[in-house]
Amino acid sequence: MNKYKTHNCGELNKNNINEEVKIAGWLHNYRDHGGIIFLDIRDHYGITQVTIPEEDSNMKELAESIPKESAVSIKGIVTPRPDNMINPKLATGEIEINASEINILSKVEKELPINVFPETEVREDLRLQYRFLDLRREKVHNNIILRSKIVSSIRRRMTDMGFLEITTPILTASSPEGARDYLVPSRIHPGKFYALPQAPQQFKQLLMTSGFDKYFQIAPCFRDEDARADRSPGEFYQLDMEMAFATQDDIFKVMEKLLYELFSEFSNKKINKAPFPRIPFTESMLKYGTDKPDLRNPLEIKDVTNIFKKENLEAFKNKTVRVICAPNISDKPRKFFDDMIEFATENGAKGLAWLKVEENKLNGPIAKFISEEGQQSLISETDAKKESVMFFIADEENIATKLSGIIRTELANRLNLISKDEFIFCWIVDFPMFELNDEGKLDFSHNPFSMPQGGMKVLEEKNPLEILAYQYDIVCNGIELSSGAVRNHEPKTMVKAFEIAGYTKEVVENKFSALYNAFHYGAPPHAGIAPGVDRIVMLIADEPNIREIIAFPMNSKAEDLLMHAPNNVTAKQLKEIHIKLDE
RNA sequence: GGUCUCGUAGUGUAGUGGUUAACACGCCAGUCUGUCACACUGGAAAUCGCGAGUUCAAUCCUCGUCGGGACCGCCA
């Protein structure tokens with residue numbers, strides 16, 4: 029028999045009545061009724077109520093002396109609760125343990141800095157500083173359990189589909205592209221550094237070249253970039269996967285099966301079935317004003333630039349004009365529209381004109397500047413029904429696109445148009461291979477390792493800005509879970525692509541020497557993707573902040589308040605790794 | 001790096017140019033044999049983040065500073 033317990037706190041029921049048992053856990057709550065004392069003992073599995081026999085005054089005194097959240101072990105007889113005292117909220121609600129022995133295993137010696145129960149709100153830095161107490165609280169505790177189950181489900185499903193989990197190095201070489209690296213100084217090689225991988229990108233491509241057909245890994249990734257509510261500073265996990273002799277559709281098929289089944293396993297929300305909609309990048313930017321659209325939002329953006337070219341509206345002249353038509357809101361109070369205008373201007377819009385749709389005409393502040401023909405065109409272009417309201421965004425094209433997206437989301441939120449019990453996945457496809465950077469020079473718009481659609485031929489013949497890549501994102505409810513791509517496995521095409529982006533052959537040879545070299549020895553065509561595990565868990569757990577689904581998260585300034593990282597190291601340690609501090 | 005925002009008992013909040021700084025949870029003591037967010041009675045607990053300024057008087061107004069958070073930049 030285990031020294032501390034025969035059963036956990038979630039499993040005893042009326043089948044155990046009259047058994048002598050031991051449970052161990054934390055003193056969750058305490059109710060002293062004078063004659064009778066109730067102790068709630070909580071462990072990872074549940075809560076069991078313990079009663080203290082009235083006649084045993086020593087035990088009563090002992091029980092009264094235990095501070096909440098102390099660790100205890102209790103021996104006693106399982107007894108049925110009186111019929112009218114059954115607690116349906118507890119799995120163990122039919123029984124209680126009549127204590128015969130109480131052992132205090134570890135006492136709480138100070139006042140608790142945060143309430144474990146009842147679960148009141150606590151400021152976040154304090155929660156992180158006392159994460160071991162915070163994690164006892166039901167909500168976060170359950171999130172961590174959920175995360176564990178999701179991760180093991182992912183492993184099982186990937187393995188069942190024939191993928192091999194292969195781990196790749198954590199100490200590797202700094203890579204020139206992308207995010208800032210975390211550097212690790214080398215002791216043996218003065219002045220040289222390892223880097224923590226931003227992703228196992230090159231390793232997984234090398235694995236494909238090594239003849240492994242389907243690879244995956246729950247991969248830790250490290251990027252020295254600032255945090256966001258949905259983005260951990262420093263480190264995060266990806267479901268990294270890659271397939272050899274595979275096309276975009278092969279990746280989509282695997283991910284659609286995985287994501288649909290995974291989300292179905294852990295959520296009761298409605299999920300769209302495969303195939304997920306494939307939306308070309310340019311279409312997404314126009315219709316939704318973003319490359320990560322929330323398809324729960326029924327509002328769509330239309331381009332009406334051409335209609336306004338013929339109209340005499342100064343403010344819209346020579347601008348890109350986009351319209352969002354929201355149904356059944358013409359009876360909203362004036363304040364609703366004023367607030368929307370305020371929101372729009374706060375986000376950088378020059379204004380937000382709006383028009384009510386009436387019987388075959390438009391009504392509102394700018395209606396008099398639009399011809400009857402123009403009004404008809406607007407109504408038919410947006411397919412507007414009576415009592416709709418059209419919102420207009422007019423600006424330089426890029427800004428109009430972005431603003432329309434922001435306003436589309438805000439309108440849907442304020443009008444409560446977004447269903448809370450639905451997951452809608454989609455693919456954004458056909459990203460451009462190149463774009464102009466701020467200095468007006470050509471650069472890779474996403475991943476330099478992506479295969480251009482059409483291969484070497486289009487690189488040689490087409491206007492670079494018109495070349496599309498086999499580059500795709502998977503998006504769910506407006507959250508980008510991942511980018512992926514069919515990789516460029518041909519050395520010559522790689523060199524050409526880099527040349528267009530202004531890099532010499534030497535750059536490819538030196539900076540990506542492992543891949544570039546390997547690809548000369550029979551690299552298979554391959555493709556992959558790497559959805560963020562943290563974001564998947566956030567979506568399923570319905571948590572808006574990433575710290576709620578990570579056991580020991582850093583704060584937004586990339587500090588671990590529990591372990592005090594980063595911290596100072598000794599002069600000796602620095603000397604060994606040949607580092608002099610610049611102060 | 002920038003913008004916004006928050007900082008008041010252990011915790012979460014309220015509040016005011018002059019107060020005994022309020023409420024809830026927690027804590028301590030007491031009453032109660034059936035509670036399970038027990039109830040009831042009483043109590044302890046706050047240099048109102050820190051510094052400077054304005055003022056007869058600052059927790060409150062101003063400036064600075066420190067700390068937390070959100071967003072922008074950044075995240076191939």
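Following our numbering, the numbering of the first sequence begins with 29 at its first residue and continues without gaps. Positions of the beta carbon are idealized from the N, C-alpha and C atoms, including for glycine. A quick note: this is a predicted structure, and the numbers were derived from the prediction, not measured.
A straight line joining the alpha-carbon of G239 with that of R184 spans about 22 Å. Burial check for Q226: the Cβ neighbour count within 10 Å reaches 16 or more, so the residue is buried.
Sequence-distant partners of K345 (beyond 5 residues in either direction) whose C-beta falls short of 8 Å from its own C-beta, in its chain, are F336. Taken atom to atom, the span from the alpha-carbon of F364 to that of A377 is near 17 Å.
Nearest to D60 by C-alpha distance, out of S93, E370, K31 and Q266, is S93. Per the coordinates, the alpha-carbon of I178 lies some 15 Å from the alpha-carbon of E576. Taking 8 Å as the cut-off, the beta carbon of L40 is found closer than this to the beta carbon of T120. Taken through DSSP and simplified to helix, strand or coil, K135 comes out as coil. Here Y243 really is in contact with I194; their C-beta atoms are around 6 Å apart, less than 8 Å. Annotation: the continuous alpha helix (DSSP H) that includes M236 extends over Q229 to T237.
For P492, the secondary structure class from DSSP, reduced to helix, strand or coil, is helix. Setting aside the 5 residues that flank it on each side, I564 is surrounded in the same chain by I178 and L509, each with a C-beta closer than 7 Å to its C-beta; the list follows chain order. Unbroken beta strand (DSSP E) stretches of 3 residues or longer found wholly inside the stretch 39-127: 48-60, 65-71, 74-80 and 99-108, given in chain order. For F191 against P552, the beta-carbon gap comes to about 16 Å, at or over 8 Å, which does not count as contact. Between A497 and M522 the beta-carbon gap is near 13 Å, outside 8 Å, which marks them as no contact.
Shown here, H217 sits in coil according to DSSP, grouped into three states, outside any helix or strand. Comparing alpha-carbon positions, the option among E409, G317, I329 and G468 lying closest to G433 turns out to be G317. If you look at P308, you'll find it in the beta strand (DSSP E) that goes R306 to P308. In this structure, A412 sits away from I421, with a CB-CB distance that is not shorter than 8 Å.
Of the residues assessed, P321 falls on the buried side of the cut-off, its CB having 16 or more other CB atoms within 10 angstroms.
In the DSSP annotation of this structure, the continuous segment of the alpha helix (DSSP H) that includes P519 starts and ends at P519 to I528. In the structure shown, E537 adopts helical secondary structure according to DSSP, grouped into three states. When C-alpha distances from F145 are compared across L383, D68 and R350, the shortest belongs to D68.
Take the alpha-carbon of S447 and the one of I502: they are about 20 Å apart. Exclusion of the five residues before and after A99 leaves W54, L133 and S134 as the residues of its chain whose Cβ lies within less than 7 Å of its Cβ. Burial is judged here by how many other beta carbons sit within 10 angstroms of a residue's own beta carbon; E489 has fewer than 16 and is exposed. Within the same chain, P261 and S584 come within 6 Å of A255 by CB-CB distance, once the 5 residues on both sides are set aside.
Ranking L464, K384, L341 and Q245 by CA distance to the CA of D359 puts K384 first. Here V168 has D162 and E576 as same chain residues with Cβ atoms under 7 Å from its own Cβ, once five neighbours each way along the sequence are excluded. The C-beta distance from E339 to S399 rounds to 6 Å, short enough to meet the 8 Å contact threshold. At the C-beta level, I102 and V78 come within 8 Å of one another.
Taking each of P197, M368 and N44 in turn and checking the Cα distance to M418, the smallest one comes out for M368. In the DSSP assignment, A372 falls within the unbroken alpha helix (DSSP H) covering R362 to E374. Under the DSSP assignment, N391 falls in the beta strand (DSSP E) whose first and last residues are K389 to N391. Nearest to E467 by C-alpha distance, out of T310, L445, A529 and E424, is A529. Taking C-beta atoms under 8 Å as the contact rule, L443 and I357 qualify, at a distance of about 7 Å.
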